[in-house]
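S.K.: In the working numbering, the protein residues as written are 20 to 306.
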Amino acid sequence: MGIVIDPNAPLPTPPVESVSPDGILTVRRDDAWGGVYLIADFSGVVPVPQRVRFVRVGSDGAETPVRGGDLAWAPGGVAVGYDHEAELGVSSAWYAYPVSAAGAVGARSEGAGMAIPEPDTPRDVWLKPISDPGLSLRVIVTSWPSLDYAERQERFDVLGAAAPVMSVDEWSLASGQMTLLTETLEEREALLDLLRSKSVLLAQTRHAYGRPDAYWLPGGFSEEMVGRAGDPGRQWTVAMTQVERPPTVDTPLRIPGRTYADSTILWPTYADRTATGQTYQDVTVGG
20 MGIVIDPNAP
30 LPTPPVESVS
40 PDGILTVRRD
50 DAWGGVYLIA
60 DFSGVVPVPQ
70 RVRFVRVGSD
80 GAETPVRGGD
90 LAWAPGGVAV
100 GYDHEAELGV
110 SSAWYAYPVS
120 AAGAVGARSE
130 GAGMAIPEPD
140 TPRDVWLKPI
150 SDPGLSLRVI
160 VTSWPSLDYA
170 ERQERFDVLG
180 AAAPVMSVDE
190 WSLASGQMTL
200 LTETLEEREA
210 LLDLLRSKSV
220 LLAQTRHAYG
230 RPDAYWLPGG
240 FSEEMVGRAG
250 DPGRQWTVAM
260 TQVERPPTVD
270 TPLRIPGRTY
280 ADSTILWPTY
290 ADRTATGQTY
300 QDVTVGG
């Protein structure tokens with residue numbers, strides 16, 4: 020029996036991906052979570068590496084290690100990574116280094132480049148927990164007007180001198196309050212999970228807004244019902260303190276929808292999982 024194809028049906032959208040010229044590294048975009056999958060295949064290299072280090076080069080031209088890929092295990096020479104901290108709206112390039120069992124680092128692969136889209140309005144701010152990208156949210160920020168920078172100074176009053184002696188240390192990173200809106204009870208629960216995750220959050224928005232990517236630790240927050248009784252909308256005020264990017268060395272791999280808990284929904288036992296015949300790559304990035 021023939022297969023009938025509707026000529027007016029839209030074509031399926033293939034995954035947006037890029038492959039390095041040497042064929043070793045594949046970068047596949049994951050728009051649902053504002054990240055990319057990284058797949059490095061060193062199976063043809065002798066000796067086959069035990070681990071792989073993934074790095075990213077952004078607009079500043081510097082190599083930045085990828086969280087969860089510094090280092091990543093490479094069974095059979097194939098390593099998987101996930102990067103949800105790359106700049107948005109500009110092109111980045113990813114590379115992979117093979118690392119032997121003895122810790123020797125081999126030659127870097129050629130790069131694979133890609134741009135991750137900026138978030139559209141009105142949910143034009145990403146809040147991404149770095150330790151659990153599956154909790155990331157695009158949110159509606161209604162106000163984030165000011166940032167405060169505290170000084171670190173010590174004053175010493177000297178007997179007989181009109182002027183004090185001052186000691187000045189580095190200025191602190193910024194702090195401030197973010198006001199945002201959730202429109203449904205599902206969004207409310209998702210935001211509560213994010214704020215209570217105990218994770219540093221990466222905040223990213225559109226370049227035109229002039230607010231660069233930064234890492235923040237949420238503090239106390241308040242929830243206010245808006246509208247009439249029964250309206251699920253909530254307004255939130257969250258205290259935010261800027262921090263440095265946390266270290267990446269030996270951090271575990273985290274991929275949205277690919278956790279052990281996610282896996283047990285479809286395959287409750289280890290035997291169920293192995294019976295599928297799926298490879299490590301199938302399990303982590305879907306093939």
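Positions of the beta carbon are idealized from the N, C-alpha and C atoms, including for glycine.
With H, G and I counted as helix, E and B as strand and the rest as coil, what does DSSP make of T294?
M.R.: Stepping through the sequence shown from its first residue, residue 294 is reached at position 275. Residue 294 is actually Ala in this sequence, not Thr. Three-state DSSP puts A294 in coil, outside helix and strand.
S.K.: Expressed to the nearest angstrom, what Euclidean distance is found between the alpha-carbon atoms of A248 and E202?
M.R.: Within the sequence shown, the letter at position 229 stands for residue 248. Within the sequence shown, the letter at position 183 stands for residue 202. The straight-line gap from Cα to Cα measures roughly 14 Å.
S.K.: Opposite S194 in the DSSP bridges: which residues?
M.R.: Mapped onto the sequence shown, residue 194 falls at position 175. Partner(s): D167 and T260.
S.K.: In terms of alpha-carbon separation, which member of R207, V109, A93 and G95 lies closest to A227?
M.R.: For the purposes of this step, residue 227 is identified with residue 208 of the sequence shown, where counting begins at 1. The shortest C-alpha separation from A227 is found at V109.
S.K.: In terms of residues, what are the limits of the beta strand (DSSP E) holding R75?
M.R.: The sequence position of residue 75 within the sequence shown is 56, counting from 1. Element bounds for R75: R70 to V76.
S.K.: Could you check where the alpha helix (DSSP H) with L213 kicks off and where it finishes?
M.R.: Working through the sequence shown from its first residue, we reach residue 213 at position 194. First-last of the alpha helix (DSSP H) with L213: L204 to L214.
S.K.: Looking at G132: is its Cβ nearer than 8 Å to the Cβ of S37?
M.R.: Taking the sequence shown and counting its residues from 1, the one referred to as residue 132 is at position 113. Taking the sequence shown and counting its residues from 1, the one referred to as residue 37 is at position 18. Cβ distance < 8 Å, so G132 and S37 count as in contact.
S.K.: Can you tell me where the beta strand (DSSP E) with L221 in it begins and where it stops?
M.R.: Start at 1 with the first residue of the sequence shown, and residue 221 comes out as number 202. Segment L220 to T224, the beta strand (DSSP E) holding L221.
S.K.: Taking its Cβ as the centre, do 16 or more other Cβ atoms sit within 10 Å of F175, making it buried, or is it exposed?
M.R.: Here residue 175 corresponds to residue number 156 of the sequence shown, with the count starting at 1. By the 10 Å Cβ count, F175 comes out exposed.
S.K.: Is it true that the segment 73 to 82 meets the segment 264 to 272, where meeting means three or more beta-carbon pairs spaced less than 8 Å apart?
M.R.: Contact fails: fewer than three Cβ-Cβ distances are below 8 Å.
S.K.: Would you decide whether L204 is buried or exposed? Buried here means 16 or more other CB atoms lie within 10 Å of its CB.
M.R.: If you number the sequence shown from 1, residue 204 lands on position 185. Exposed, by the Cβ-count rule.
S.K.: Could you check what DSSP says for P176 in three-state terms: helix, strand or coil?
M.R.: By 1-based counting over the sequence shown, the position of residue 176 is 157. For the record, residue 176 in the displayed sequence is Asp; it is not Pro. In the structure shown, D176 sits in coil (DSSP, three-state: anything other than H, G, I, E or B).
S.K.: Is there at least one Cβ from chain B nearer than 8 Å to Y114's Cβ?
M.R.: Here chain B cannot be found, since the structure has a single protein chain.
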